[in-house]
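**Q** Following this message is one structure expressed as structure tokens.
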Amino acid sequence: MAVDTLPYTHAAKLEVAPADARWLIREVWTRAGVGILGGQAKLGKSWLGLDISVSVASGTPCLGHYPVEDAGPALVYLAEDALADVRSRLDALCAHRSLDLRRVDLNVITAPVLRLDQTEDQQRLAATLEALRPRVLVLDPLVRLHRLDENASADMAVLL
């Protein structure tokens, strides 16, 4: 019995992506990028995540320098920060850019706990993402978003 081949084409016939289609934030984050901002405590990772979010949601340059190529809604969840503190940080970032936070398409998940290793929370996050369709999602910090052993690569592979 003959076996069908997988579909294929010559590499030169593949569609070429426009140069500007690669970046969400030029030279900082790719449009379809998934990643982790890592580093020691108190280096500014949360501030950077918020700056990225405000930049994408407002179309203003990230860190005042890197152009946003695909502006749109942003969604953040800061598990270690009180909501009033998150608001204060966002107000400061917007004030620096002369933006009115009320006009920036940025939402904040207000749930007291979000566990990515729990099916119910995964489903609720997926439904939220489907409803808001954010260009960028910032979840901070990873250690507060699960109860797995971060030293067990198999556990973390499933989570990520």
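Letter 136 of the sequence shown, counting from 1, is numbered 206 in this note's numbering, and no numbers are missing. All residues carry an ideal CB built from backbone N, CA and C; glycine is no exception.
1) Given 8 Å as the limit, is there contact between the region 82-100 and the region 125-141, that is, 3 or more CB pairs closer than that?
2) On the DSSP letters alone, give me the boundaries of the alpha helix (DSSP H) that D155 sits inside.
3) In angstroms with no decimal places, state the Cα-to-Cα distance between S116 and A149.
4) Pull up the DSSP beta-bridge partners for I106, would you.
5) Applying the 10 Å Cβ sphere with the 16-neighbour rule, what's the burial state of G119?
6) Label T180 either buried or exposed according to how many other C-beta atoms from any shown protein chain fall within 10 Å of its C-beta, with 16 as the threshold for buried.
7) Rounded to a whole number of angstroms, what is the C-alpha to C-alpha distance between M194 and V183?
**A** Based on what the coordinates show:
1) yes
2) L153 to H166
3) 10 Å
4) BP columns for I106 are empty, so no partner.
5) buried
6) exposed
7) Reading off the sequence shown, one finds Arg at residue 194, where the question assumed Met. Roughly 12 Å separates the two Cα atoms.
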